[in-house]
Amino acid sequence: MVFQILLVMFLIVLLTLFAFRKNKEKVVTPLPENYKELLEAYVKFYRRLDSTGRAHFEKRVEQFLAATKITGVNAVVEDIDLLLIASAAVIPVFAITDWQYINLHEVLVYPGAFNEDFDQEGTDRYIAGMVGTGGLQNTMIITKWQLRQGFIDNNSVHNTAIHEFVHLVDKMDGTMDGVPEIILERKYVEQWKQLMYATTEQIRNGHSVIHSYAAKNTVEFFAVVSEYFFEQPGLLQAHHPDLYKMLSIIYRME
Ligand SMILES: [Zn+2]
1352 MVFQILLVMF
1362 LIVLLTLFAF
1372 RKNKEKVVTP
1382 LPENYKELLE
1392 AYVKFYRRLD
1402 STGRAHFEKR
1412 VEQFLAATKI
1422 TGVNAVVEDI
1432 DLLLIASAAV
1442 IPVFAITDWQ
1452 YINLHEVLVY
1462 PGAFNEDFDQ
1472 EGTDRYIAGM
1482 VGTGGLQNTM
1492 IITKWQLRQG
1502 FIDNNSVHNT
1512 AIHEFVHLVD
1522 KMDGTMDGVP
1532 EIILERKYVE
1542 QWKQLMYATT
1552 EQIRNGHSVI
1562 HSYAAKNTVE
1572 FFAVVSEYFF
1582 EQPGLLQAHH
1592 PDLYKMLSII
1602 YRME
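Just so we're aligned, residue 1352 is where the sequence shown starts under my numbering, counting upward by one.
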């Protein structure tokens, strides 16, 4: 009898331990413990949100990290890097609640700029980030230095990581052309194209605050003005009200 009681007790202890372990596994989150403070300190977009918006942003960041592999290539990926990459992913599609980056499986983090052969040494390195093609389909490369730089400088209108995620949004409809048909209603497409050409002319003539890289082509135009829109919305609105309005429509932030 004593033996049977002991056996039952042993089984109860075993089951409790097992259930506890299971439970513990369930609450594992990819987010570091102090993630709210880190977002508050480094992500301007997050700081501008109210408490409901912040909770929503945190959820989206968590979902992105759960779904996306992030790998350092000769670089140590720290908690802050994970949070900044996820933030850059969430910002352009924040108002599009059912968005998923189905064209992205992995983000590779390089320490610094690289060249077209992916060399990380030498003097001809100028690429700070890119959306992969060919063998690197569904992969994004981002450099740790530029990633952090984009978020640290509060007055900057540049953010390399946001720039790359905007390229992905643009690419989602099958073509990277500066016209994100997947989120832009058809009735606005012609208006958006006209605005791109007109503003590109202004940039080429030196009549705009927008960086000249935007005038390279419509793909870069869309990415560069989107960086501006998310980093310094007030400034963009003051200098290019029509462009600001159109980007608010595109990103559904009216
Ligand atoms: Zn680009």
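Every residue, glycine too, gets a C-beta built ideally from N, C-alpha and C.
Because the structure is a prediction, the values reported are computed rather than measured.
| query | Is there contact here, the segment 1488-1502 with the segment 1524-1543, by at least three beta-carbon pairs under 8 Å? | reply | Remark: fewer than three beta-carbon pairs, one from each stretch, lie closer than 8 Å, so the segment 1488-1502 and the segment 1524-1543 are not flagged as touching.
| query | Does the beta-carbon of threonine 1403 have 16 or more other beta-carbons within 10 angstroms, so that it is buried, or is it exposed? | reply | Exposed, since its Cβ has fewer than 16 Cβ neighbours within 10 Å.
| query | If we count the other Cβ atoms within 10 Å of its Cβ and call it buried at 16 or more, is isoleucine 1601 buried or exposed? | reply | Isoleucine 1601 counts as buried, since at least 16 other C-beta atoms from the protein chains shown sit within 10 angstroms of its C-beta.
| message | Under DSSP, the beta strand (DSSP E) around leucine 1535 begins and ends at which residues? | response | Per DSSP, leucine 1535 lies in no beta strand (DSSP E) segment and is marked neither H nor E.
| field | Unbroken alpha helix (DSSP H) run spanning leucine 1586, endpoints | value | For leucine 1586, the enclosing alpha helix (DSSP H) has its first and last residue at 1584-1590.
| field | Within 8 Å, strictly: CB atoms of threonine 1494 and alanine 1464 | value | Alanine 1464 sits close to threonine 1494, with the two beta carbons spaced by under 8 Å.
| request: Examine ligand 1 and report whether any of its heavy atoms sits within less than 7 Å of the Cβ of alanine 1440. | output: Outside the cutoff, so no.
| task | Compare the beta carbon distance of serine 1559 and threonine 1550 with 8 Å and say whether it is the shorter of the two. | result | Contact annotation: serine 1559 and threonine 1550 have beta-carbon atoms nearer than 8 Å.
| request: Would you grab the beta carbon distance between aspartate 1432 and proline 1383 for me? Rounded to a whole angstrom, and I think it's under 8 Å. | output: Rounded, the Cβ-Cβ distance is 11 Å, inconsistent with contact.
| task | Run the CB neighbour count on asparagine 1510, radius 10 Å, all protein chains shown included, and call it buried at 16 or more, exposed below. | result | Buried, since its Cβ has 16 or more Cβ neighbours within 10 Å.
| task | Go through its chain and collect everything with a Cβ distance to phenylalanine 1572's Cβ below 8 Å, but skip five positions before and after it. | result | The residues Gly1529, Met1547, Thr1550, Thr1551, Ala1565, Ala1566, in chain order, have a CB closer than 8 Å to that of phenylalanine 1572 in the same chain once the five nearest residues on each side in sequence are set aside.
| Which whole-angstrom value is the C-beta distance of tyrosine 1461 and alanine 1426, which I expect to be below 8 Å? | Correct: roughly 6 Å between the Cβ atoms.
| request: Tell me whether threonine 1511 sits in a helix, a strand or coil according to DSSP, three-state version. | output: The answer is helix: DSSP assigns threonine 1511 an H, G or I state.
| task | Check whether the Cβ of glutamate 1571 lies closer than 7 Å to any heavy atom of ligand 1, and answer yes or no. | result | Yes, the beta carbon of glutamate 1571 sits closer than 7 Å to at least one heavy atom of ligand 1.
| For asparagine 1529, the first and last residue of its enclosing alpha helix (DSSP H) | Correcting the residue identity first, residue 1529 is glycine in this sequence and not asparagine. Glycine 1529 -> no alpha helix (DSSP H), and no H or E assigned at all.
| query | Say the cut is 7 Å; is the CB of alanine 1464 nearer than that to a heavy atom of ligand 1? | reply | Checking every heavy atom of ligand 1 against the Cβ of alanine 1464, none is found closer than 7 Å.
| task | Measure the CB-CB distance between glutamate 1439 and alanine 1392 and report whether it falls below 8 Å. | result | The sequence given here has alanine at residue 1439, not glutamate. In this structure, the beta-carbon distance from alanine 1439 to alanine 1392 does not fall below 8 Å.
| request: Quick one: residues in its chain with C-beta nearer than 8 Å to the C-beta of tyrosine 1539, no 5 flanking neighbours on either side, listed in chain order? | output: Non-local C-beta neighbours of tyrosine 1539 in its own chain, meaning closer than 8 Å and more than five positions away in sequence, comprise Met1597, Ile1600, Ile1601, ordered along the chain.
| What residues in its chain sit with their C-beta under 7 Å from that of valine 1428, if we drop five residues either side in the sequence? | Excluding sequence positions up to five before and after valine 1428, its CB lies within less than 7 Å of the CB of Ile1421, Val1460, all in the same chain and listed in chain order.
| query | Taking only runs of the beta strand (DSSP E) that begin and end inside the segment 1393-1463, which ones reach a length of at least 3 residues, in chain order? | reply | Every unbroken stretch of the beta strand (DSSP E) spanning 3 or more residues and falling wholly within the segment 1393-1463 is given here in chain order: 1420-1423, 1457-1461.
| field | Contacting residues, own chain, Cβ-Cβ under 8 Å from methionine 1360 (five flanking each side not counted) | value | Only residues of its own chain outside the window of five on either side were considered, and among them none has a CB closer than 8 Å to the CB of methionine 1360.
| task | Find the nearest neighbour of arginine 1603 within the set Arg1411, Pro1443, Ala1437, judged by alpha-carbon distance. | result | For arginine 1603, the nearest C-alpha among the options comes from Pro1443.
| said: Please report the distance separating the alpha-carbon of glycine 1585 from that of valine 1508. | reply: Going by the C-alpha atoms only, they are around 11 Å apart.
| said: If I measure Cβ to Cβ from leucine 1535 and keep anything under 7 Å in the same chain, skipping five residues before and after, which residues do I get? | reply: Once the five neighbours on either side are set aside, the close Cβ partners of leucine 1535 are Trp1543, Ile1601.
| said: Please report the straight-line C-alpha distance between glutamine 1553 and alanine 1417, rounded to a whole angstrom. | reply: Their Cα atoms are separated by approximately 42 Å.
| The beta strand (DSSP E) with isoleucine 1503 in it runs from where to where? | Segment 1495-1503 is the alpha helix (DSSP H) holding isoleucine 1503; no beta strand (DSSP E) there.
| query | Of all the options Glu1541, Leu1498, Val1575, which has the alpha carbon lying nearest to the alpha carbon of histidine 1339? | reply | Outside the shown range of the chain (1352 to 1605) lies residue 1339, about which nothing can therefore be said.
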